[in-house]
Amino acid sequence: MVSKINPKPKTLLAGVGHRFWRDRSAGPEFCDRLAKLEWPPHVTVADYSFGAIPMMYQLQDDGYHRALFVASEARGREPGTLRLYRADPELPKTVDVFQEYMNEAGSGVIAIELLLVIAKQFGALPAETWVLEIEPVEPNGPDGLTPEVQALYPKVETIARAFVQGELPAELVEEHAEFGLQRPFTPRKVEVRP
202 MVSKINPKPK TLLAGVGHRF WRDRSAGPEF CDRLAKLEWP PHVTVADYSF
252 GAIPMMYQLQ DDGYHRALFV ASEARGREPG TLRLYRADPE LPKTVDVFQE
302 YMNEAGSGVI AIELLLVIAK QFGALPAETW VLEIEPVEPN GPDGLTPEVQ
352 ALYPKVETIA RAFVQGELPA ELVEEHAEFG LQRPFTPRKV EVRP
């Protein structure tokens with residue numbers, strides 16, 4: 202069984218994450234692989250790991266109708282699993298809270314929720330936006346993906362191709378995903394590597 206979505210032109214497949222940061226680099230790593238494949242002319246595959254504010258401007262400039270973002274975020278789910286949801290984040294209720302998003306984004310924090318909220322606030326989020334999240338096995342550590350996350354790539358490619366065709370596997374789609382937008386924004390604790 203599949204869940205039908207509207208196939209529209211100007212489609213973005215994008216990775217979001219921290220390069221060289223163990224499983225948190227799965228988004229950009231997997232998009233590098235997707236970029237080497239053949240795609241229809243209306244599909245762009247890109248690395249969107251350069252900060253939420255410049256990414257928002259890029260989304261505004263390019264005017265995509267549809268987007269699938271691939272990211273790895275530690276949400277407390279089973280490590281090495283996939284989660285697919287339609288992204289329609291709730292906007293901050295006050296200017297002060299939104300300013301916290303902007304401060305985090307401006308300081309270089311790369312997080313899918315920052316991109317989604319900032320892009321939506323400025324009207325840049327494509328009308329049909331989906332997120333394919335990978336639960337990291339090791340969110341921090343040496344460069345390179347863990348074998349468990351590496352093994353997810355064929356599923357990621359299958360989902361990306363289904364998205365481009367206009368349908369997604371219903372068994373993966375979460376109807377009402379809550380994806381951790383707890384505000385005010387709490388900066389992540391980052392381990393400093395020697």
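Numbering (my numbering), first residue to last: 202 to 395.
Backbone N, C-alpha and C fix where the C-beta goes; we use that ideal spot for every residue, glycine too.
Computed from a predicted structure; not experimentally measured.
- Under the rule that a run must span 4 or more residues, the alpha helix (DSSP H) segments found entirely inside the region 306-340 read 313-322.
- Pro-293 and Arg-225 do not touch by the CB rule: their CB atoms are close to 24 Å apart, not below 8 Å.
- For Ser-273, the number of other beta carbons within 10 angstroms of its own is at least 16, and it is reported as buried.
- For Ser-250, the secondary structure class from DSSP, reduced to helix, strand or coil, is coil.
- Put simply, the region 310-327 touches the region 246-262. At least three CB pairs are less than 8 Å apart.
- Look at Phe-270 here: in three-state DSSP terms it is strand.
- Shortest Cα-Cα distance from Val-244 to any of Glu-339, Arg-362, Thr-212 involves Thr-212.
- DSSP places Arg-284 in the uninterrupted beta strand (DSSP E) bounded by 283-287.
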